[in-house]
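Novice: Quick note on numbering: the sequence shown equals residues 81 to 288 in the working numbering.
Even glycine gets a Cβ: it sits at the ideal position worked out from N, Cα and C.
This one's a predicted model, so the numbers in the text were calculated from it and none came from an experiment.
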Amino acid sequence: SDAARRADAAGFDVVEIHGAHGYLINQFLSPISNKRTDRYGGSLENRMRFALEVTEAVRAAWPAHKPLLMRISTTDGAEGGWTVEDSLVLAGELKARGVDAIHTSSGGVATYGLKPAPLYQVGFSKAVRETGIPTVAVGLINSPEEAEAILQKGEADLVAFARGALEDPNWPVHAHHALDGAEYDLWPKQARLRIRDKDRVLGIRQPA
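(1) Can you check whether the CB of residue 81 is closer than 8 Å to the CB of residue 144?
(2) My understanding is that residue 289 touches residue 200, with C-beta atoms under 8 Å, so please give their C-beta distance in whole angstroms.
(3) What are the partner residues of residue 153, as DSSP defines its beta bridges?
(4) Taking the alpha-carbon of residue 210 as reference, which of 182, 186, 161 has the nearest alpha-carbon?
(5) Compute the Euclidean distance between the alpha carbons of residue 257 and residue 117, then round it to the nearest angstrom.
(6) Assign residue 247 to buried or exposed, taking buried as 16 or more other Cβ atoms, counted over all protein chains shown, within 10 Å of its Cβ.
(7) Identify which residue in 83, 253, 105, 157 has its Cα closest to the Cα of residue 151.
(8) Roughly how far, in whole angstroms, is the beta-carbon of residue 177 from the beta-carbon of residue 132, given that I think they are within contact range, below 8 Å?
(9) Suppose the cutoff is 6 Å on Cβ atoms and the five residues either side in sequence are ignored; what does the same chain contact list for residue 240 look like?
(10) How would you label residue 136, buried or exposed, when you count the other beta carbons within 10 angstroms and need 16 or more for buried?
(11) How long is the line joining the alpha carbons of residue 280 and residue 227, rounded to whole angstroms?
(12) Can you tell me the Cβ-Cβ gap for residue 187 and residue 156, rounded? I've got them flagged as a contact below 8 Å.
(13) Near residue 208, what residues of its chain come up, given a Cβ to Cβ distance below 7 Å and the 5 sequence neighbours on each side ignored?
(14) For residue 97, which option in 174, 253, 113 has the closest C-alpha, if you only look at C-alpha atoms?
(15) State the Cα-Cα distance for the pair residue 129 and residue 100, rounded to the nearest angstrom.
(16) For residue 179, name the three-state secondary structure that DSSP assigns.
(17) What separation, rounded to the nearest whole angstrom, lies between the Cα atoms of residue 103 and residue 110?
(18) Put residue 218 into one of helix, strand or coil per three-state DSSP.
(19) Tell me the DSSP secondary structure of residue 231 in three-state form.
(20) Let me know the secondary structure DSSP gives residue 101 once reduced to three states.
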């Protein structure tokens with residue numbers, strides 16, 4: 081909760097609780113890693129307890145008008161681990177406690193049994209979204225067109241990128257341009273004239 085208050089004081093608009101990828105919350109959720117015999121281990125209800133207590137504390141400290149997200153590993157991708165069905169139950173509990181959207185990733189506490197491939201986690205986002213809470217799709221979404229299709233098909237409400245944006249800091253501008261954004265002012269000045277001239281020469285669009 082202290083971290084949420086500091087984030088608000090620093091001017092951040094959104095907070096995301098990281099409950100995925102083998103970090104502490106994920107370790108409590110997964111039966112692979114959670115071997116506790118007290119009220120925080122054993123049943124699904126008990127294994128969810130820590131995640132829900134963290135959520136309640138952060139939501140109480142974070143302004144009500146600002147979105148709160150939770151990132152989860154929708155499945156461990158391993159036998160005897162956390163499942164998509166478990167995530168659907170968790171999604172309902174998180175929504176009831178004021179989480180505004182769930183960021184649907186996977187894996188982290190065991191050897192991952194699913195083979196990563198383009199769009200391989202989008203199905204997780206769609207499944208969780210069907211519980212009535214907005215979702216964020218992530219994972220090998222490689223093009224603006226793929227991202228837009230996910231949104232248009234109702235498989236997610238947001239699409240997240242990390243490595244692509246690190247590789248190309250202008251990725252959002254490329255995406256805007258690829259999806260028929262006509263404005264050139266978004267481009268850095270060093271590239272703006274080149275992009276305009278290339279579009280004109282190739283007949284992609286005729287800049288004003």
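Specialist: Short version:
(1) Stepping through the sequence shown from its first residue, residue 144 is reached at position 64. Stepping through the sequence shown from its first residue, residue 81 is reached at position 1. With respect to the 8 Å criterion, residue 144 and residue 81 are not classified as neighbours on the basis of their beta carbons.
(2) Residue 289 is absent from the model: the chain starts at 81 and stops at 288.
(3) Residue mapping note: residue 153 aligns to position 73 of the sequence shown, counting from 1. Note: residue 153 sits in a beta bridge opposite 185.
(4) Counting from 1 along the sequence shown, the entry for residue 210 is found at position 130. Answer by Cα proximity: 182.
(5) As a working mapping, residue 257 is identified with position 177 in the sequence shown. As a working mapping, residue 117 is identified with position 37 in the sequence shown. So the alpha carbons of these two residues sit roughly 55 Å apart.
(6) Within the sequence shown, the letter at position 167 stands for residue 247. Burial call: exposed.
(7) Residue numbering aside, residue 151 sits at position 71 when the sequence shown is read from its first letter. Here the closest residue by C-alpha is 105.
(8) Residue mapping note: residue 177 aligns to position 97 of the sequence shown, counting from 1. Residue mapping note: residue 132 aligns to position 52 of the sequence shown, counting from 1. Sure, about 6 Å apart at Cβ, within 8 Å.
(9) Counting from 1 along the sequence shown, the entry for residue 240 is found at position 160. So the list reads 216, 218, once near-sequence residues are dropped.
(10) Translated into positions along the sequence shown, residue 136 becomes position 56. Counting the other Cβ atoms within 10 Å of the Cβ of residue 136 gives fewer than 16, which makes it exposed.
(11) The residue labelled residue 280 in the question sits at position 200 within the sequence shown. The residue labelled residue 227 in the question sits at position 147 within the sequence shown. In this structure, the alpha-carbon of residue 280 lies about 26 Å from that of residue 227.
(12) Translated into the one-based positions of the sequence shown, residue 187 becomes position 107. Translated into the one-based positions of the sequence shown, residue 156 becomes position 76. Their Cβ separation, rounded to whole angstroms, is 7 Å, which keeps residue 187 and residue 156 in contact under 8 Å.
(13) Mapped onto the sequence shown, residue 208 falls at position 128. So the qualifying residues of the chain are 154, 167, 168, 171, 182, 184, 215.
(14) In the sequence shown, the residue the question calls residue 97 occupies position 17. Ranking 174, 253, 113 by Cα distance to residue 97 puts 174 first.
(15) One-based indexing of the sequence shown puts residue 129 at position 49. One-based indexing of the sequence shown puts residue 100 at position 20. Approximately 15 Å, taken between the alpha carbons.
(16) For the purposes of this step, residue 179 is taken as residue 99 along the sequence shown, with counting starting at 1. DSSP places residue 179 in the coil class of the three-state scheme, outside both helix and strand.
(17) The residue labelled residue 103 in the question sits at position 23 within the sequence shown. The residue labelled residue 110 in the question sits at position 30 within the sequence shown. In a straight line, the C-alpha of residue 103 is about 11 Å away from that of residue 110.
(18) As a position in the sequence shown, residue 218 is number 138, starting the count at 1. Judged by DSSP in its simplified three-state form, residue 218 adopts coil rather than helix or strand.
(19) Here the question's residue 231 lines up with position 151 in the sequence shown. The three-state secondary structure of residue 231, taken from DSSP, is helix.
(20) Working through the sequence shown from its first residue, we reach residue 101 at position 21. Of the three classes helix, strand and coil, the one that applies to residue 101 here is coil, per DSSP.
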